[in-house]
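Please read the structure below before turning to the comments.
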Amino acid sequence: MAVIRTNLTKNLFSALGGRILNPLRSGHGGYSNPFPAAAAYSSSAAAALETAVPEPFDLLGVKDYEDYRRSLYGDVTHKALLVDAVGTLVVPSQPMAQIYKQIGEKYGVDCSEDEILNRYRRAYEQPWGRSRLRYVNDGRPFWQHIVTSSTGCSDLQYFEELYNYYTTDKAWHLNDPEAGKIFDAIRKAGVKVAIVSNFDTRLRPVLRALNCDHWFDAVAVSAEVAAEKPNPTIFLKACELLGVEPEDAVHVGDDRRNDVWGARDAGCDAWLWGSDVRSFKEVARRIGVRV
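Letter by letter, the sequence shown follows residues 3 to 293 in this note's numbering.
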């Protein structure tokens with residue numbers, strides 16, 4: 003019966019397009035990151051593909067799909083919840099360009115915030131030639147490149163002050179003030195919870211600074227896993243850490259390409275934050291957990 007149930011799930015996602023995104027397996031653009039990033043940028047081809055492929059919920063309807071999951075798995079539809087960090091769990095407390103300029107002024111940075119933002123976007127979109135990964139270990143070489151490109155300032159003291167700022171609770175705040183209570187209810191219902199994030203090794207100190215590290219059973223960080231979303235490897239690693247099969251997990255994130263397409267390519271269910279779900283209470287409800 004378990005094999006039949008698994009095959010039904012996989013066949014459904016194949017029929018609905020959840021498996022046809024394999025050409026994006028090795029893609030590396032539009033990542034969430036430990037400095038506040040601009041919105042992800044899809045290529046025209048990716049945008050066309052997104053338009054051409056209906057979302058599973060569009061084909062079945064949300065209620066129909068949830069009923070389908072419950073017919074297979076019972077009232078609690080998933081054994082694990084995977085959560086994106088930047089843009090979903092946490093958000094920057096101030097605009098990136100404002101902080102770059104504010105800290106940089108004492109080091110001679112005289113660019114406008116608009117100029118910093120535009121230069122940041124151009125630098126961030128370019129291939130990172132020193133590694134197939136942007137975030138290796140603490141990510142310093144990559145972020146030095148981004149800061150210098152964005153501001154024209156290569157002062158190492160400026161970079162270190164800016165870099166360290168983004169490990170503090172001044173830089174970030176929780177996107178959903180009720181998140182802690184809701185994650186507690188989800189875990190008490192037997193659903194395991196993990197962070198899945200494109201981030202360097204500063205993510206763990208950030209979670210500790212916000213006093214939310216204890217909310218999660220596992221953390222899969224791209225710098226530690228050596229794979230960045232939308233590469234399915236990072237989602238599979240999170241499932242491995244939690245001891246669940248991918249089809250038993252749902253991932254929630256704010257980036258359609260990295261979070262939704264990447265998770266589905268790994269065999270997980272996926273909901274887009276801000277569209278499919280708008281709060282963690284809604285996430286809990288759709289999983290079947292009462293808060």
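For every residue, glycine included, the Cβ atom is placed at its ideal position computed from N, Cα and C.
All figures in this text were calculated on a predicted structure; none of them were measured in a lab.
Going by beta carbons, residue 221 and residue 205 fall inside the 8 angstroms limit. For residue 183, the enclosing alpha helix (DSSP H) begins and ends at 181-190. With respect to the C-alpha of residue 97, the residue from 84, 259, 145, 174 having the closest C-alpha is 174. The continuous beta strand (DSSP E) containing residue 222 extends over residues 220-223.
In the DSSP assignment, no residue is bridged to residue 240.
With distances taken between CA atoms, residue 164 lies nearest to 103 out of 237, 252, 103, 213. Around the C-beta of residue 170, fewer than 16 other C-beta atoms lie within 10 Å, and the residue is accordingly described as exposed.
In the DSSP assignment, residue 143 falls outside any beta strand (DSSP E) and within the unbroken alpha helix (DSSP H) covering 142-153. When rounded, the separation of the alpha-carbon atoms in residue 284 and residue 107 is 42 angstroms. DSSP places residue 276 in the coil class of the three-state scheme, outside both helix and strand. The Cβ atoms of residue 289 and residue 78 lie closer than 8 angstroms to each other. Remark: C-beta atoms of residue 255 and residue 214 do not approach each other more closely than 8 angstroms. Where residue 207 is concerned, the enclosing alpha helix (DSSP H) starts and stops at 205-211. Between residue 140 and residue 167, the alpha-carbon positions lie close to 14 angstroms from each other. Only exposed fits residue 180, as fewer than 16 other CB atoms lie within 10 angstroms of its CB.
CA-CA distance, residue 189 to residue 197, rounds to 14 angstroms. For residue 285, the uninterrupted alpha helix (DSSP H) segment begins and ends at 282-289. When the five nearest sequence neighbours on each side are left out, the beta carbons in the same chain lying within less than 7 angstroms of the beta carbon of residue 286 are those of 184, 187, 188, 293, in order along the chain.
DSSP lists 274 as the bridge partner or partners of residue 255. Here residue 91 carries a coil assignment [DSSP, helix/strand/coil].
Rounded to the nearest whole angstrom, the C-alpha separation of residue 199 and residue 89 is 10 angstroms. Counting only the Cα atoms, residue 231 lies some 23 angstroms from residue 210.
Here residue 244 is not near residue 278, since their CB atoms are 8 angstroms or more apart. Annotation: residue 121 to residue 100 spans about 13 angstroms, alpha carbon to alpha carbon.
By the Cβ neighbour-count rule, residue 129 is exposed, with fewer than 16 other Cβ atoms within 10 Å of its own.
Per DSSP, reduced to three states, the secondary structure at residue 195 is strand. When C-alpha distances from residue 146 are compared across 131, 162, 134, the shortest belongs to 162. Ranked by Cα distance from residue 142, the first of 203, 258, 234, 233 is 203.
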